[in-house]
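Protein chains: 2
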Amino acid sequence: MSKRKKTQENTIIHIAEALKLSPATISRALNDHPYVKAQTKKDVLEMAAQLGYRRNLMASGLRNNKTKTVGLIVPRISMFFHAEVITTIQNALHQQGYKLIICQSSDLLELEKELTEILYASRVEALIVACTLQTIDFSHFDKVIDQGLPVIFYDRAPLNGHRATMVVGDDVHGGYLAGKHLIDRGCKRIAHLSGHLSSNLYRNRLSGFRQALMEAGMELGDDQVLHRELSAEEAHKAMEFFFSKEVVPDGVFLANDVSAIAALQFARERGIPVPEKLKIVGYSNDPRTSIISPPISTVEQFPQQVGLRVVTELMALLKAEGNIPETDTAPIVIPVELISRASS
Amino acid sequence: MSKRKKTQENTIIHIAEALKLSPATISRALNDHPYVKAQTKKDVLEMAAQLGYRRNLMASGLRNNKTKTVGLIVPRISMFFHAEVITTIQNALHQQGYKLIICQSSDLLELEKELTEILYASRVEALIVACTLQTIDFSHFDKVIDQGLPVIFYDRAPLNGHRATMVVGDDVHGGYLAGKHLIDRGCKRIAHLSGHLSSNLYRNRLSGFRQALMEAGMELGDDQVLHRELSAEEAHKAMEFFFSKEVVPDGVFLANDVSAIAALQFARERGIPVPEKLKIVGYSNDPRTSIISPPISTVEQFPQQVGLRVVTELMALLKAEGNIPETDTAPIVIPVELISRASS
DNA sequence: GCAAAAAATGAAAACGTTTTCATAAATAAG
DNA sequence: CTTATTTATGAAAACGTTTTCATTTTTTGC
């Protein structure tokens, strides 16, 4: 390993010396300040390029108290929906000159609290959060909001409104579409595996689903709905429950795709033909739903649109400079669409 | 929206005033400098906590010319293997007080070049790269390495060695395992869908695969190997090609899981029973391989281990402070394992 | 051609931390 | 009890940028 050292950086002062101008003028030129002659700007830009000048973000950040960094807390980035949202957010923020620090809570409340603290301490200028499924109490976010940190929730958001901006999918309509679809396909008895109602996602999906059934004059009995952690194992057990009854369902709406896949596997094991004897609808349009056989109908949530909207809102908040809302605001709702496939 | 402003931050100077000490001592206490009395340290820490002090990273970064930020360029974060690696890297770096900026090249060479420039300009202290499949010329990385920026490649890396550190899976052995496994299962004629040989991944997987066949005294004819972009569409076409021949294969090794899935779907369409008439092995242990029916045998690459090793190497490089290696170094190889499933 | 206004530039302070150098206090050696 | 040594603290400069205020230069209106 050689001892070659990093080349010495050129600063604004070097440009100033080279052009016999003051650092102040250079700074203004680089920031496209109106009070600097067009020719001067041109000279400065040229010289900057020639010297390979890179603005020192630490210096400018220190001066105007900006980190140009946004924090993001997400259950896990490997979930397809989140990966897409994050990608979009990342790209959009980059265009605006912002960096994104991505943290994963692994759906653990305690870790989410800790990460909130850490990101706050890291001086992110805003926080984007898809919270854990156990997050009912939002006081750890209230704390940083009180300190003037803008927070935006997406996907998983506080149930009863919040001062923070929220960008969510239209889960009510998604649930409705799923229900309506199964009814249209001739299902007479539809079961629903939902998550815990502490989450806005599952509460809303259930509510839309229920409405679809009501409109069709169908009952939704207590034994037709289960609330479980939406893992493959739990979904399998839930299916066992539904099929342990006198009257078994001919359609099932699962509140996420992991459990829809598990439901399909359950049907395979039991030799229940899908879609002939059992129709299945999932939620999120996970890529796996399209490669399994039969491919599973599901609800598309348009993650890119969610991401873009989050960034739009974020930029607006950042412009508002620490003026935090006092009152709760209504969530911003992104439309969803049902994707009909062979499972129904 | 109220006009509530951010609360004014406490600085090292406020602590100094509160304790009637100098800012210098406070700084030293906070950095656990040996030349400060234990009692003083304790007082400072307490007062810092009491005042809710947060170190200003821009100020300290400016002073000692550190950003505590690492850049990462990856084809896309939604690929399972990469998502896992990134997660691990992110967590490990966080523990070391480093931030991670994640950028996606979408497997586009031009974008990769641009991102390299941008991250360099953003003053990241190091760069972690899984390059695009078209990256043959590494001069855009050489440029920043020459500037003293440590670069670590993982997974996809320069073919012929490089000054930069490389952490790669044992693709040769992975290919060998896949070939051996198919032979052990009784395959007599095994086809291989590979990517372009410009990538270390596919070159090595092919080489290991070929070795397994050789050891078994089997030929690998030219019409048994195709080099294609490993998308579902191309894989499908490749399978059509293999099955358009007089002698059709009874086993196929696909160099990634996307194409293995496509191969399975091809077999379904043609009514070729898997694994009876055709055995399939993929690569990467994508979660989809385990839910498709039959589940597909594949090669596990242990993304967490790759990620951890990357961070270990990275920290070592950062300690070395811009002393960049003059000579090429051998890649660090992470072992792989074959996962045997019903497709073979 | 001159005053007034506008445009362009410069000087210097400030952001919050770290660190060098100097100095003071405490301890050890004689 | 000195003197030398170690330990602990402080003063001040430095990091590179931005911005306020002051000043100079240019333009405009008459």
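Just so you know, the protein sequences line up as chains A and B, in that order. Heads up: the first sequence begins at 1 in my numbering, then just goes up one per residue. Heads up: the second sequence begins at 1001 in my numbering, then just goes up one per residue. All residues carry an ideal CB built from backbone N, CA and C; glycine is no exception.
Per DSSP, what kind of secondary structure is residue i in: helix, strand or coil?
i: PHE1243 (chain B); result: coil
i: ALA1059 (chain B); result: helix
i: GLY251 (chain A); result: strand
i: LEU1192 (chain B); result: The amino acid occupying residue 1192 (chain B) in the given sequence is His; Leu does not appear at that position. If DSSP states are grouped into helix, strand and coil, HIS1192 (chain B) belongs with the strands.
i: ARG1004 (chain B); result: Residue placement at ARG1004 (chain B) is flagged as unreliable, the pLDDT there being 41, under the threshold of 50; a coordinate-derived value is accordingly withheld.
i: LYS66 (chain A); result: coil
i: GLN1104 (chain B); result: strand
i: LYS99 (chain A); result: strand
i: TYR120 (chain A); result: helix
i: TYR1154 (chain B); result: strand
i: LEU19 (chain A); result: helix
i: GLY1071 (chain B); result: strand
i: VAL1129 (chain B); result: strand
i: HIS236 (chain A); result: helix
i: PHE138 (chain A); result: coil
i: ASP1032 (chain B); result: coil
i: GLN147 (chain A); result: coil
i: TYR1202 (chain B); result: helix
Just the C-alpha distance for residue i and residue j, rounded to the nearest angstrom, thanks.
i: VAL299 (chain A); j: ALA178 (chain A); result: 7 Å
i: MET1227 (chain B); j: GLU1219 (chain B); result: One point to set straight first is that residue 1227 (chain B) is His, not Met, in the sequence displayed. So the two alpha carbons sit approximately 18 Å from each other.
i: SER244 (chain A); j: GLU84 (chain A); result: 38 Å
i: GLU276 (chain A); j: LEU133 (chain A); result: 34 Å
i: GLN96 (chain A); j: ILE1102 (chain B); result: 15 Å
i: TYR154 (chain A); j: VAL167 (chain A); result: 5 Å
i: GLN1304 (chain B); j: LEU1021 (chain B); result: 46 Å
i: SER1060 (chain B); j: LEU62 (chain A); result: 9 Å
i: ILE145 (chain A); j: ALA16 (chain A); result: 41 Å
i: LEU57 (chain A); j: SER1198 (chain B); result: 38 Å
i: LEU1264 (chain B); j: LYS279 (chain A); result: 24 Å
i: ALA1018 (chain B); j: THR165 (chain A); result: 38 Å
i: PHE81 (chain A); j: SER284 (chain A); result: 7 Å
i: SER1002 (chain B); j: HIS140 (chain A); result: Low per-residue confidence applies at SER1002 (chain B): pLDDT is 39, beneath 50, and the placement is therefore not dependable, though the value from the model is reported in the following sentence. Roughly 21 Å separates the two Cα atoms.
i: LYS1006 (chain B); j: GLN147 (chain A); result: Only weak support is given to the placement of LYS1006 (chain B): the predicted model assigns it a pLDDT of 48, under 50, and the value that follows is read from those uncertain coordinates. Those two C-alpha atoms are separated by around 6 Å.
i: GLU1114 (chain B); j: VAL1129 (chain B); result: 13 Å
i: LEU1127 (chain B); j: ALA1049 (chain B); result: 34 Å
i: ASP1032 (chain B); j: LYS1068 (chain B); result: 19 Å
i: ASP1253 (chain B); j: PHE1138 (chain B); result: A quick correction: the sequence has Phe, not Asp, at residue 1253 (chain B). Cα to Cα, the separation comes out at about 30 Å.
i: LEU1072 (chain B); j: GLU1229 (chain B); result: 24 Å
i: GLU233 (chain A); j: ARG156 (chain A); result: 22 Å
i: ALA1330 (chain B); j: GLY1174 (chain B); result: 19 Å
i: PHE241 (chain A); j: HIS162 (chain A); result: 37 Å
i: ASN256 (chain A); j: THR1135 (chain B); result: 38 Å
i: ARG4 (chain A); j: ALA1320 (chain B); result: Its pLDDT being 42, under 50, ARG4 (chain A) is placed unreliably by the model, and the measurement read from it follows with that caveat. Rounded to whole angstroms, ARG4 (chain A) to ALA1320 (chain B) spans 11 Å at the Cα level.
So which residues of chain A does residue i contact, with C-beta pairs closer than 7 Å?
i: ALA1330 (chain B); result: By Cβ distance, chain A contributes nothing, its closest Cβ being about 14 Å from ALA1330 (chain B), past 7 Å.
Which residues of chain B have a Cβ atom closer than 7 Å to the Cβ of residue i, listed in chain order?
i: LYS113 (chain A); result: Within chain B, no residue comes near LYS113 (chain A); the closest Cβ sits about 15 Å away, beyond 7 Å.
i: GLN211 (chain A); result: None at all; the shortest Cβ gap to chain B is about 31 Å.
i: MET58 (chain A); result: MET1058, GLY1061, LEU1062 and THR1067
Could you tell me which chain B residues have their CB closer than 9 Å to the CB of residue i, listed as they occur along the chain?
i: ARG288 (chain A); result: PRO1287, ARG1288, ILE1291 and ILE1292
i: ARG54 (chain A); result: TYR1120, ALA1121, SER1122 and ARG1123
Using DSSP's beta-bridge definition, name the partner residues of residue i.
i: VAL1281 (chain B); result: B:PHE1253 and B:SER1297
i: THR329 (chain A); result: A:HIS162
i: GLY169 (chain A); result: A:ILE334
i: ILE1291 (chain B); result: Answer is none; ILE1291 (chain B) lacks a bridge partner.
i: VAL225 (chain A); result: A:HIS192
i: ILE1339 (chain B); result: B:THR1298
Mind listing the chain A neighbours of residue i? Cutoff is C-beta to C-beta under 9 Å, in chain order.
i: GLN1104 (chain B); result: THR87, GLN90 and ASN91
Below 8 Å on C-beta distance, what does residue i contact in chain A?
i: ILE1261 (chain B); result: ILE291
i: LEU1100 (chain B); result: ILE101 and ILE102
Interfacial residues, the region 1071-1089 of chain B to chain A, with Cβ spacing under 8 Å: Answer in chain order: ARG1076, ILE1077, SER1078, PHE1080, ALA1083, GLU1084, ILE1086 and THR1087.
Contacting positions in the region 1119-1142 of chain B - beta carbon closer than 9 Å to chain A: Those would be TYR1120, ALA1121, SER1122 and ARG1123, in chain order.
Within 7 Å of chain B by C-beta, residues of the region 21-54 of chain A in sequence order: Taken in chain order, the members of the region 21-54 of chain A whose beta-carbon sits within less than 7 Å of a beta-carbon on chain B are ARG54.
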